[in-house]
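One structure is given here, and the rest of the page talks about it.
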Amino acid sequence: MTEEIIIAGFGGQGVLSMGKILAYSGVMQDQEVAWFPSYGPEMRGGTANVTVILSDDRISSPVLHEFDTAIILNQQSMTKFEKMVKTGGTLLYDPNGVVKHPTRTDINIYRVEGARLAVEMGNPLTFNMIVLGAFLKAKPVIKVENVKKGLEKSLPERHHRLIPLNLKAIEVGQANLEVVQTV
Amino acid sequence: MTEEIIIAGFGGQGVLSMGKILAYSGVMQDQEVAWFPSYGPEMRGGTANVTVILSDDRISSPVLHEFDTAIILNQQSMTKFEKMVKTGGTLLYDPNGVVKHPTRTDINIYRVEGARLAVEMGNPLTFNMIVLGAFLKAKPVIKVENVKKGLEKSLPERHHRLIPLNLKAIEVGQANLEVVQTV
Amino acid sequence: MAEVAERLKDIIKPENLIYGKSPVLNNVTMHYCPGCSHGVVHKLIAEVIDELGIQDKTIGVSPVGCAVFAYNYIDIDWSEAAHGRAPAVATGIKRIMPEKTVFTYQGDGDLAAIGTAETMHAINRGENIVMIFINNAIYGMTGGQMAPTTLLGQVTSTTPYGRNVDLNGYPLKITELIAQLPGAAYVTRQSVHTAAAVRKARKAIRKAFELSQQNIGTCFVEVVSTCNSGWKMNPVESNDWMVKHMFPLFPLGDLKDGGKDKTDGFNLQPQ
Amino acid sequence: MAEVAERLKDIIKPENLIYGKSPVLNNVTMHYCPGCSHGVVHKLIAEVIDELGIQDKTIGVSPVGCAVFAYNYIDIDWSEAAHGRAPAVATGIKRIMPEKTVFTYQGDGDLAAIGTAETMHAINRGENIVMIFINNAIYGMTGGQMAPTTLLGQVTSTTPYGRNVDLNGYPLKITELIAQLPGAAYVTRQSVHTAAAVRKARKAIRKAFELSQQNIGTCFVEVVSTCNSGWKMNPVESNDWMVKHMFPLFPLGDLKDGGKDKTDGFNLQPQ
Amino acid sequence: MAKVIGAVVVDSEVCKGCNLCVVSCPTKTLGLNRDVNSKGYHYSYMENPDTCIGCSNCSSVCPDSCISVYRMKIE
Amino acid sequence: MAKVIGAVVVDSEVCKGCNLCVVSCPTKTLGLNRDVNSKGYHYSYMENPDTCIGCSNCSSVCPDSCISVYRMKIE
Amino acid sequence: MGELRLMKGNEVIAEAAIRCGCDGYFGYPITPQSEVMESLMAQRPWETTGMVVLQAESEIASIHMVYGAAGCGKRVMTSSSSPGISLMAEGISYIAGSELPCVIVNVQRGGPGLGTIQPSQADYYQATKGGGHGDYSLLVLAPASVQEMHDFVALGFDLAYKYRNPVMILADGVIGQMMEKVELMDQRPRWTDEQVKEITGSWATLGKTKDRSKHVITSLEMDSHIMEENNLRLQAKYNKMKQEDVRYETILCEDAEYVLVAFGSAARICQKTVQLAREKGHKVGLLRPITLFPFPEKPIEELASRIKGFMTVEFNAGQMVHDVKLVVNGKTKVEYFGRMGGILPSPDEVEQALLQKLIGG
Amino acid sequence: MGELRLMKGNEVIAEAAIRCGCDGYFGYPITPQSEVMESLMAQRPWETTGMVVLQAESEIASIHMVYGAAGCGKRVMTSSSSPGISLMAEGISYIAGSELPCVIVNVQRGGPGLGTIQPSQADYYQATKGGGHGDYSLLVLAPASVQEMHDFVALGFDLAYKYRNPVMILADGVIGQMMEKVELMDQRPRWTDEQVKEITGSWATLGKTKDRSKHVITSLEMDSHIMEENNLRLQAKYNKMKQEDVRYETILCEDAEYVLVAFGSAARICQKTVQLAREKGHKVGLLRPITLFPFPEKPIEELASRIKGFMTVEFNAGQMVHDVKLVVNGKTKVEYFGRMGGILPSPDEVEQALLQKLIGG
Ligand SMILES: Cc1ncc(C[n+]2csc(CCOP(=O)(O)OP(=O)(O)O)c2C)c(N)n1
Ligand SMILES: Cc1ncc(C[n+]2csc(CCOP(=O)(O)OP(=O)(O)O)c2C)c(N)n1
Ligand code: SF4
Ligand code: SF4
Ligand code: SF4
Ligand code: SF4
Ligand code: SF4
Ligand code: SF4
Ligand SMILES: [Mg+2]
Ligand SMILES: [Mg+2]
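Residue numbers (our numbering), protein chains in the order written: chain P, 1 to 183; chain D, 1001 to 1183; chain L, 2001 to 2271; chain U, 3001 to 3271; chain A, 4001 to 4075; chain R, 5001 to 5075; chain W, 6001 to 6361; chain E, 7001 to 7361.
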């Protein structure tokens, strides 16, 4: 099994750390993983994206021109990455950041109202975990228990008290996945 | 005509400037010339030598392994350069600086008591011009009038008053050349 | 509501405009973080260039640091400089075109760490340039590492437990040293955290550029600044932190005025 | 005549020897020009190392400059340093082997021109090293070019008409700046032109090495020196010239004593 | 006595919502908007448009030069 | 009263004839030799061997450490 | 098995340095590798292993601090990115000339000049042909994974001490910023004073004791004949490296008709290209030089006589391609494909280039 | 005919700079080239032509002063020797990246490190393969006589402006310290403000007037696509140099069976070797690259197909030999002979090597 994922959005949306948790969870279930971010001084307020690869085999290129899954959190990223989803692949997006909704018919499309749900949860910082939950519902490539382990490993001790909140957010995401189309 | 000369002695003996005047004189008679010194921080009190090449043709290598003429002013230089005179070539030396006199039999050997004569002239700085005079007597590759012109060209204006003294020294050198052997 | 709109319409007329964007600033949104002091200082420089009417004779030297893109914002000719070398670049420009007004714009890492030699020597030669020094006690551009002016105890990404004198050395009060260089003409330390401070800083920058027209030595304006991203505070907190922690070590005010030193003291003794 | 010889024989006995060549000096004739101050300072350093019994724990850092071969003369372990970088090299050595005594030996070109940043920052960090600074107002090694400390009016091969402030800038009084760095523990300016001066200089060097054992900051000894070759005078004239021309700008004496500055002033304000 | 009244115009697209103008206003005229601009910043605006005295403090401290200040005397 | 007398030994091969010892001697004991050593330097020597008081001034200023100073008290 | 972690390439450099018993790190911030020093500072190894970590005032100071500390026989290192490495050119030449062992990490970004902070491999020449003056070579290791970032620190020190020569780890922004799973080595103790003395006691500046003559760390030699001997000694050392320490990896080269040659992260991309090409039936292999100096000449020579062509893939204007050509010496085709400015070609883009330049053409 | 003088190579650099109307020189002393600045200072050109001469605090400052002044469209230069050139690596990369014209003289001495002040050609790689980071090339001229030291200053500026690229004059201690007869060019005026504006007005920092948008001298570009374009533009320029500005000299190559390849003072020695060998009946010729970049590929390629072998003669461990091999590409033998450490081989020593390695072997 190899899952090649791009997560893309604004700098402040927790894109990189969502990728990190995903990657760490992969480690927890003994997979090979690669996490490769865009970087630069423009990250302040600019766009950010990260490629995450989970695989049972040795991972070759961290640079990809097509993805199994694209998780898209703003319009710029939609413009850039919709076309890079493999035929039959998956696109998950938060409609709040998006003006032009996806138009491809050869891929699975899901939505999650991450931003709105995060506000409802009373903590905008849960946004990325909600989206992660939705993704795991759409594509259960990682077991939630491994996400938990991943969180434990990746968060510094002093932030461990936040883990329950994060797991709750994942649940909310899982519960709120909307299917737009499946192929 | 090509004349390849090495002049070698102590730093303070005016070796480099003797070479310079020789080279400038060559220019005065429309020859090609090259003047190539040893250089380094060790020049303070250490040895100094300069290769001077006068030629009617374009000069190739400034680095030579044998010379038409060696003008030798101390023992170290004798040790180093006696063997580098071409067969049939010329070695001129000042015996005052030398313990082991030259022993080769296939070259012309001359001497000039430059140091002693300079003291006699009342000006140790004339030493190198005396030696130059002796050389020109032994090998008249340069006309004295061109040496005069060379001096005029190479000395800064304010030192032009020293030219007569220098020319006098050349005369003294010419008059005091001692022939040791000719082949 | 309509009444308010009416009233505003009355006021907001071209003839009532008393402060707007300087024409020497380009219409480009700056890449700086919200609240960054760089933006304020850029504005002041643009205003001064405009006021003095020297847009066509001013060459800026932009550094490596957060202000690396300064050339996108102030509408004059610019030369980039490698990290720390702005004073050398400015020297080259000014010496070769002495009729121009040349200024550098440098951060604390740039001016006081890697560029220390170039800074000290340009000023000691009395190069007739203006130097604007943005002291935000951190390396903003590269993500908040310790700068020469970082305070003892201050947390940065390379002093995560606070700067410690044994491990990291002292903060460097480079402006105090510069003020003693004979080639310095005018050395001042300013800030832009309040409107009053901004007005004083503008005056100082204007004075530096004015003096620079007289070729009387190097004019040096330090601006004690904030880097809220690097400091991990919001802009308002940053200003408070700066006032509380930085001002004691870097007190505002003029450090030198009146042109280069006389040469007497540096000459050979008379025969 | 015989009587004299007899008398001398009486005096010249091992037990009457009161001053001879230091055992820490190698038996190699130094390459310096006759009368060069470098030789005297080398001797003093050797004597101090001998007196303090620290030959086996002292590492010297030799510069690029006339003293580039210092390692041939003083019988200790040495590291070369690229031009100007001795303070960085010494920092590396001292930080990695804090139990050693580490000193740099640098000329004015090395320490105050190309090496300005390394000099200022090593001292500002308060590196626990000794720095010996030979200020002969010229680049001896390369044939007598202008140095940062060359006086205005002084003739060198790159200021053949005398140093001129507009063309060449001011002499740099770097020791005065160094004395203000908080990391400096002891800063003094000495000379070796008379026997009395030599004795004072030896004391200063000894003090610097002694203090250095206590790790209380950087100890810095400037020696105002002659370079008769570069100055184109004989050694005796050179000393006179130095006294007359250099001492007014570079007055002898201590500039700082008592260890690194307290850290209070450099700290964050208490909460 | 001549009274001075003022008003400001904030370029809300350029504003980064740093809040520096808000705290620098002596008359508490300004506030950050609940809405965000296209870059997601809560931009500054005249919360109390009546109180502005046109002192240009806000504009002075604004790093992004997005405030224009207008002032007029009224009798 | 105890008088102090001195003497110096100059390593004439190492001496570079710089003259610094000569001018530093308070008793004019030293002078530069007319002869030169193998490197061509007029080396320093005790011109007036009687006058040396063993003060070691000469040795202190010598850049080439070629002077050894001896001193003894005589009654 | 050692501890498993998910780490950034830059962070793992720091971790590996501490764990392999490195004595000191001297550096200056620059993107994309500032995390190396930041991680070290966060870990405070001076309180555990005793490792020294110092933020210098510049890259120049850093490299000369390394010079001083390496001269004491200690295992020290620095890291930087392209412009910073350029500033070290003089210092690196001194280190090579004085035969000091140390590790220098270059996490390359795009040049020339200030260029871009995006990844690049344009310092290949600088690393392998001596950016500084004079005849010298670094031993250059090119990691292609976070695991190799880890492994090459310890390996780098081993080789540096084997040859008394600076070792460069030539990484790039991709490997520096990427996170992968990495197996960490167990903590090794730093060399004890006794070990340092045993290993480096014949040359290091540890203080001149009565029982030996002084040690001098220097590259200076004014006697031309001795200087030439020094140069010859260096050259002999480089030849020895060529004999004993060439490292490379081949993937599917046995039956290959076409071989991609790529190092570092470009090789990672090519790995996938090989897969894509094989899926289409093209017999493509990959040769990945791990040591860029000494360059893997033998395997290339062997392949040259039996394959239809090589194509190097580089994030630069074509640098390593010349080293391949030198080895191939006309025996088969050698092409180059590359991108610059921080653009990373995707595996299929490389595949297309391969088809165009070699297979199709 | 111009004025004839007997001058040192270093001095003539200064003289030529003044006479060709150079606007500024920024430098720092280092043997064996300090006479360049000393001669300039003695001549006081600021009082005659208005040329600026400044002794900087270091080579780093020098090269960045050049950066600033060159950005103003002025014709400026610096000179140094090997270690000093290494220090300029970052600055040179910036100059190349910002496409600034200027002349940089390297009077090489032996390395690595402090090495020796004696002559060397060991900076060939540094000069031709980019000592600094990133993909860039200098146009490199290698003078073999004092006359060429003179001529290449003006030529260097012409080429620098033709390409908006830094030009390096790669000399060595032999040519720098040697005196030969030289014909000096007549004094040319410096460019007037009008000329500067005409020639450089489209890019130089002359002050932004209302009629144009601002000029920015920079090598920075964060957009990868634009950065790649910048890189491609540079590469196109280097290709143009290869088309239009290759310079070399051949001596007795028409009927040669063996050809020596040497540049700079090594070529002078080889000239005599050719003579010696011809006297003994060996058909030997000499190819002297004058531009080291762009390298004279065509003439070597042509010779490669008809001669029995090349031997490069270099004062280094064998650097240019690789460029010759790359061109020859296996068509004939390519040998190298060299000396290091400041030792200069004599013409007969080269002859012997030639006999041993090529003719005899
Ligand atoms: C030679 C070199 N070293 C390091 C860097 C990385 N770098 C870029 S900006 C900077 C320091 C920025 O700090 P400062 O000068 O204080 O400016 P600020 O961003 O704080 O305004 C550094 C280290 C570089 N670009 N070049
Ligand atoms: C990078 C570099 N630049 C320049 C030089 C040449 N150089 C050698 S010593 C020196 C200066 C010597 O002057 P100073 O430091 O005052 O020492 P002094 O010889 O006067 O004792 C210079 C410029 C060098 N070796 N390396
Ligand atoms: S990082 Fe700091 S200095 Fe840079 S733009 Fe942000 S606040 Fe300003
Ligand atoms: S040149 Fe000057 S500093 Fe150097 S040895 Fe001679 S006198 Fe001393
Ligand atoms: S102009 Fe003055 S009163 Fe009006 S909003 Fe701005 S700061 Fe407030
Ligand atoms: S100061 Fe400027 S950028 Fe900041 S909130 Fe006010 S208007 Fe917006
Ligand atoms: S010891 Fe004193 S008295 Fe004796 S020679 Fe020396 S200086 Fe003169
Ligand atoms: S001081 Fe020393 S070197 Fe100089 S003359 Fe006297 S003994 Fe000789
Ligand atoms: Mg800063
Ligand atoms: Mg000096």
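Even for Gly, the Cβ is constructed at its ideal location relative to N, Cα and C.
Taking 7 Å as the cut-off, one finds at least one heavy atom of ligand 10 near enough to the beta carbon of residue 3109 of chain U. Here DSSP, grouped into helix, strand and coil, assigns residue 2095 of chain L to helix.
Here residue 7063 of chain E is near residue 7078 of chain E, since their CB atoms are less than 8 Å apart.
The closest CA to that of residue 6046 of chain W, considering only L:2166, L:2216, L:2188, is found on L:2166.
When DSSP reads this structure, residue 6234 of chain W sits in no beta bridge, so it has no partner.
For the options E:7052, E:7136, E:7030, E:7105, the alpha carbon positioned closest to that of residue 6316 of chain W is the one of E:7136.
The beta carbon of residue 5016 of chain R falls within 8 Å of a beta carbon belonging to chain U, placing the residue at that interface. Our two residues, residue 3057 of chain U and residue 3041 of chain U, have alpha carbons roughly 20 Å apart in a direct line.
Looking at the DSSP output, residue 2078 of chain L bridges to L:2060, E:7216. Inter-residue distance for residue 6174 of chain W and residue 6031 of chain W is about 12 Å (C-alpha atoms, whole angstroms).
Residue 6008 of chain W sits in a strand when the DSSP states are folded into three classes. Per DSSP, the unbroken alpha helix (DSSP H) holding residue 6083 of chain W starts and ends at 6082-6087.
About 16 Å separates the CB atoms of residue 7131 of chain E and residue 6097 of chain W; that is not less than 8 Å, and the two are not in contact. If you check the CB distance, residue 1092 of chain D and residue 1069 of chain D come in under 8 Å.
Contact fails between the region 2251-2264 of chain L and the region 2072-2090 of chain L, because fewer than three Cβ pairs, one in each stretch, are under 8 Å apart. Sorting D:1126, D:1108, D:1145, D:1002 by C-alpha distance to the C-alpha of residue 1071 of chain D places D:1108 at the top. C-alpha of residue 3133 of chain U to C-alpha of residue 3105 of chain U: approximately 6 Å in a straight line.
Minimum Cα-Cα distance from residue 6285 of chain W among the listed residues W:6254, W:6313, W:6264 corresponds to W:6254. Assignment of residue 7249 of chain E by DSSP, reduced to helix, strand and coil, places it in the strand class. Rounded to the nearest angstrom, the Cβ distance from residue 3046 of chain U to residue 3060 of chain U is 10 Å, too far for a contact under 8 Å. For residue 1093 of chain D, no CB of chain E lies under 8 Å from its own CB, so it is not counted at the interface with that chain. When secondary structure is reduced to three states using DSSP, residue 165 of chain P falls in the helix class. Chain order is used for the residues whose beta-carbon lies nearer than 7 Å to a heavy atom of ligand 5, namely A:4006, A:4008, A:4021, A:4024, A:4025, A:4026, A:4027, A:4029, A:4030, A:4046, A:4051, A:4052, A:4053, A:4054, A:4055, A:4056, A:4057, A:4058, A:4059, A:4067, A:4069. The beta carbon of residue 1183 of chain D sits closer than 7 Å to those of 1088, 1106, 1107, 1108, all from its chain and outside the five residues before and after it, given in chain order.
Apart from sequence neighbours up to five positions away, the residues of its chain that approach residue 81 of chain P with a beta-carbon distance below 7 Å are 6, 8, 70, 72, ordered along the chain.
Under the three-state reduction of DSSP output, residue 88 of chain P falls in the strand class.
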